[in-house]
Each structure stands twice: as structure tokens, then as C-alpha cells.
Amino acid sequence: MKPRLFTPGPTPVPEETLLELAKPVTYHRAAEAKAILAEVSEDLKYVFQTSQPVFTITSSGTGGMEAAVANTLAAGEKVILLTAGRWGERWRGVLKAFGANIVTVEVPYGKAVTPDMLAAALGANPDTKAVFATLSETSTGVGHDVEAFGKLVAKTDALLIVDGISGLGAMECKVDAWGIDVCVTGSQKALMLPPGLAFVSVSEKAWKKIDATPIRSFYFDLRRYKKSYAESDTPFTPANTLIRAQRASLKRIRTEGIENLWARHSRIAAACRAGVKAMGLELFAERPNSGLTVITVPAGMDGSAILKKMEKQHGFKLADGQDNMKGKIWRLSHMGYTDAFDVLGALSALELVLIESGFKVEAGSGVAAFQKAYAAK
Ligand SMILES: *Cc1c(COP(=O)(O)O)cnc(C)c1O
Numbered sequence: 000m001k002p003r004l005f006t007p008g009p010t011p012v013p014e015e016t017l018l019e020l021a022k023p024v025t026y027h028r029a030a031e032a033k034a035i036l037a038e039v040s041e042d043l044k045y046v047f048q049t050s051q052p053v054f055t056i057t058s059s060g061t062g063g064m065e066a067a068v069a070n071t072l073a074a075g076e077k078v079i080l081l082t083a084g085r086w087g088e089r090w091r092g093v094l095k096a097f098g099a100n101i102v103t104v105e106v107p108y109g110k111a112v113t114p115d116m117l118a119a120a121l122g123a124n125p126d127t128k129a130v131f132a133t134l135s136e137t138s139t140g141v142g143h144d145v146e147a148f149g150k151l152v153a154k155t156d157a158l159l160i161v162d163g164i165s166g167l168g169a170m171e172c173k174v175d176a177w178g179i180d181v182c183v184t185g186s187q188k189a190l191m192l193p194p195g196l197a198f199v200s201v202s203e204k205a206w207k208k209i210d211a212t213p214i215r216s217f218y219f220d221l222r223r224y225k226k227s228y229a230e231s232d233t234p235f236t237p238a239n240t241l242i243r244a245q246r247a248s249l250k251r252i253r254t255e256g257i258e259n260l261w262a263r264h265s266r267i268a269a270a271c272r273a274g275v276k277a278m279g280l281e282l283f284a285e286r287p288n289s290g291l292t293v294i295t296v297p298a299g300m301d302g303s304a305i306l307k308k309m310e311k312q313h314g315f316k317l318a319d320g321q322d323n324m325k326g327k328i329w330r331l332s333h334m335g336y337t338d339a340f341d342v343l344g345a346l347s348a349l350e351l352v353l354i355e356s357g358f359k360v361e362a363g364s365g366v367a368a369f370q371k372a373y374a375a376k
């Protein structure tokens with residue numbers, strides 16, 4: 000059987016990138032390594048849509064989040080946290096660890112934080128130093144209106160700090176134009192690489208705050224990364240094999256073009272949603288993003304058992320809900336190196352398993368609706 004990965008991280012990796020990972024290990028301070036990092040940094044700026052440097056940190060995405068908090072905030076400073084799920088809660092965890100004074104704007108799982116909620120929180124808390132948001136809430140499939148958040152925050156002295164992990168490279172995100180001061184992403188989502196790298200952009204506004212803030216981390220001290228960046232280097236030994244491989248996946252994005260990439264993701268996402276609805280299933284996210292489709296498990300059904308069957312019988316690995324969402328939702332990723340026919344296969348396998356489990360769905364209904372929606376575009 001052929002294993003097929005549909006989890007919202009890690010995601011499938013293109014063949015030319017996998018081949019890079021098979022090459023002999025090289026020295027990370029050699030001229031060639033620096034040239035590769037320089038190229039990767041330029042391509043990352045393109046993906047982030049920023050003219051500011053994008054720093055490469057060897058860590059999972061959370062390391063990038065920790066860098067954002069540790070560098071921009073002094074203990075006790077006030078922040079507004081916008082949370083709509085598990086990854087907003089990850090921000091909360093990091094912020095707590097660094098002693099932030101957190102004003103929380105929270106919505107139930109499946110809902111999105113609205114710009115109005117942020118406007119009210121900013122109005123009530125004029126001493127806010129930073130607003131923490133999530134572009135794609137991967138635990139629920141919600142996408143946030145970060146562009147609108149940016150307009151509100153730009154009018155204040157606060158920074159807008161965004162977890163773009165799983166969103167960046169799958170849905171529209173323009174770091175400079177939207178006024179995102181610190182944007183974080185990880186390698187294992189839409190950037191088509193295995194886990195292991197975090198990428199962080201920092202605006203001029205954010206640098207002013209960082210330079211006026213006592214540093215509270217050694218490894219994640221962004222000032223060190225900035226200094227090394229000027230020489231196309233990193234302060235510590237980087238996962239240079241991954242950086243070399245990242246170059247290949249970024250070239251793929253460059254070749255496709257970022258607007259085309261956004262359009263491809265939204266077209267597949269819209270078709271997938273049409274397919275899911277035609278199967279008689281419901282979507283979980285009220286404001287779905289283009290990176291993944293989250294499906295509500297029908298009442299009375301053991302969602303986890305269905306996923307196990309899909310994997311065991313057909314090789315399709317979708318993600319379960321996390322924590323208290325386990326068994327209640329199915330998360331189907333279509334970000335990165337995943338095309339329309341991959342998703343058609345996943346819907347087809349889901350239909351087969353649902354039929355076998357006694358759920359009333361007509362074979363081919365989801366697949367047909369996907370094709371119709373896909374063709375209509
Ligand atoms: C995957 C993900 C993370 C977690 O990153 P790690 O690489 O596991 O540290 C954080 N935020 C979002 C939105 C994610 O999708």
C-alpha cells in the first residue's frame with residue numbers, strides 16, 4: 000500500500016527536495032553554505048512578501064514563537080492575545096512563560112476572532128505593547144483576517160505578531176503591506192520541508208521595541224541572528240542540510256509564483272468544501288482557510304476509528320482533532336505539495352470508509368462535487 004500524508008504538518012515533500020536531503024553532509028561555515036542561506040533568505044522574503052530580513056532558526060515553529068515573545072517584551076508588559084484554538088493557546092503558553100500581562104480575546108473552537116473584537120480590546124487597553132494572532136488556526140481550520148488586524152494595530156504603538164505557521168505559503172499573507180511586525184512560520188507546513196526550521200521576519204517598528212527591551216533568551220536572541228544575517232550566516236550551527244533542501248522547495252514556489260500558489264490553494268480548498276458538503280458532512284470552521292479543510296464528525300460516529308480505517312485500508316493519513324477535539328473533527332490538509340487529484344483521492348477514500356461504516360452517502364457524490372467546483376473556476 001502507498002502511504003499518503005494529509006496531516007496539516009508535516010506535509011508531503013517534493014522529490015527534488017528529498018534528493019537534496021540524501022546528499023553528503025557539508026560544512027556549515029563554508030562559502031557555499033553561506034551562498035545557499037543567502038538564496039534561501041531572499042526566497043523567504045518573497046514568500047513573506049517583505050523587504051525585511053527573514054531569519055532562519057533551527058527549531059520547530061514554536062521556537063520562532065518563543066523568539067518573537069522573548070525579544071519584544073519585558074516581563075509584565077501588556078499584550079492582547081487573540082485565540083481561536085490550540086495554536087492561540089500555544090501563544091498563551093509562551094507568553095505566560097515570559098511573564099506577559101495577557102488580555103485575552105477568545106472565541107470558541109471553529110469560530111474566528113473578528114476585527115471588531117480586536118478594535119474593542121485595543122480601545123480598552125491603550126497601554127498594549129503587542130497583539131498576538133494566528134493566521135491559520137490549524138486546530139480548527141479557521142483563517143483570520145490578519146489584514147484587518149494589521150490596519151487596526153498600525154494606528155497604535157503596539158506590534159502585530161503573527162503565527163503564520165501552516166498559513167504562510169497556503170493563503171494570502173503580505174507581511175509588509177498588512178503591517179505584520181513579527182511573522183513566524185515553520186518548515187513542515189506549506190513550505191514543503193520536513194520539520195526542523197523556523198523562519199521569522201521582523202519589521203523596523205519591531206526592531207525599535209526589541210532594541211529597547213532587555214533580552215531574555217540566549218539561543219533565540221534575534222539580535223544575534225540579525226548580526227549573522229548581514230554575513231549570510233547564523234549564530235549557531237544551523238540544520239544546513241535542511242536549509243539546502245529548503246532552497247529546492249522555495250524554488251518550486253518561485254517558479255509557480257506566489258499569487259498562483261494562493262489561487263491554487265483557494266481553488267482546491269473551495270472544491271474540497273463543496274465535496275465535503277455534497278457528502279452530507281459539515282464544515283467545522285466558520286471562516287475556513289485554504290490550507291486545510293476541517294470536517295465535523297457526524298453525531299454518534301467514532302471519528303478516530305474512521306481515520307484509523309482510512310489509514311489501514313487505504314494508506315490515507317488525515318489528522319484527528321487535538322486534545323478535547325479528538326474524535327470530533329477530521330483535518331484534511333491540502334497545503335504545499337498536494338494537488339487536486341491527491342485531495343480527490345482522500346475524499347474518495349473517506350466516502351468508501353463512511354459507506355462501509357453505515358453512513359448514508361452515495362459513492363462518488365463528494366468526488367463529483369469536487370470536480371464540478373474545481374472545473375467551474
Ligand atoms: C504546526 C503549528 C504550530 C506548531 O509548530 P511546531 O513546529 O510544532 O512547534 C504552531 N502554530 C500553528 C498555527 C501550527 O499550525
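Read in numbering that gives the first Met the number 0, the sequence shown has 89 at position 90, and its numbers run on one by one without any break.
Quick reminder that beta carbons are idealized off the backbone N, C-alpha and C, glycines included.
In this text, all values refer to a predicted model and were calculated from it rather than measured experimentally.
query: Using only Cβ atoms and a threshold of 5 Å, which residues come within that distance of a heavy atom of ligand 1? Order them by chain position.; result: G8, S59, G60, T61, W86, T137, D162, I164, S165, G185
query: Where are the alpha helix (DSSP H) runs, 4 residues long or more, that stay fully inside the segment 52-137, in chain order?; result: 60-71, 85-96, 114-123
query: Since I believe V141 is in contact with A284 (beta carbons under 8 Å), could you give me their beta-carbon distance rounded to a whole number of angstroms?; result: 4 Å
query: Can A205 and L158 be called in contact, C-beta distance under 7 Å?; result: yes
query: If you follow the alpha helix (DSSP H) that V145 is part of, which residue opens it and which one closes it?; result: 145-153
query: Excluding the five sequence neighbours on either side, which residues of its own chain have a C-beta within less than 7 Å of the C-beta of D338, listed in chain order?; result: none
query: Just reading off the alpha helix (DSSP H) that W261 is part of, what are its end residues?; result: 257-277
query: Tell me the DSSP secondary structure of E188 in three-state form.; result: Inspection of the sequence shows that residue 188 is occupied by Lys rather than by Glu. Here K188 sits in coil by DSSP.
query: Determine which residues share a DSSP beta bridge with P13 and list them.; result: DSSP, once it has assigned bridges, lists no residue as partnering P13.
query: Figure out for me which residue from K327, V183, N100, E15 has the closest Cα to the Cα of D126.; result: N100
query: Under three-state DSSP, which class holds L393?; result: In the structure as shown, the chain starts at 0 and stops at 376, and residue 393 therefore has no counterpart that could be examined.
query: Go ahead and pull the three-state DSSP assignment for R253.; result: helix
query: Look at the alpha carbon of I328 and the alpha carbon of G84, and state the distance between them as a whole number of angstroms.; result: 13 Å
query: Measure the C-alpha to C-alpha separation of T82 and L36 and round it to an integer number of angstroms.; result: 34 Å
query: Is the beta carbon of T55 sitting closer than 7 Å to the one on F198?; result: yes
query: Helix or strand or just coil, what does DSSP make of I209?; result: helix
query: Can you tell which of N323, V366, E361, S356 has its C-alpha closest to the C-alpha of D341?; result: V366
query: By how many angstroms is the C-alpha of L117 removed from the C-alpha of A176?; result: 19 Å
query: Do you know offhand how far H264's Cα is from D42's?; result: 19 Å
query: Pick out whichever of L20, P23, S59 has its Cα sitting closest to the Cα of F219.; result: S59
query: Secondary structure at V46, three-state DSSP: helix, strand or coil?; result: helix
query: Determine the direct distance from the alpha carbon of A73 to that of G357, and round the result to whole angstroms.; result: 56 Å
query: Helix, strand or coil for M170 per DSSP?; result: strand
query: Across the segment 14-21 and the segment 180-187, are there enough close Cβ pairs to call them in contact, namely three or more that are closer than 8 Å?; result: no
query: Would DSSP call D322 helix, strand or coil?; result: helix
query: Of the residues S138, P9, A129, which one's Cα is nearest the Cα of V155?; result: One detail in the question is off: residue 155 reads as Thr in this sequence, not Val. Residue A129 is the option with its Cα nearest to T155.
query: Flag this pair as touching only if the segment 269-280 and the segment 43-52 have three or more C-beta atom pairs under 8 Å; answer yes or no.; result: no
query: Return the Cβ separation of L167 and L134 in integer angstroms, given the expectation that the two are a contact with Cβ distance under 8 Å.; result: 7 Å
query: Which partner residues does V199 have in the DSSP bridge list?; result: F54, V183
query: Label G274 either buried or exposed according to how many other C-beta atoms from any shown protein chain fall within 10 Å of its C-beta, with 16 as the threshold for buried.; result: buried
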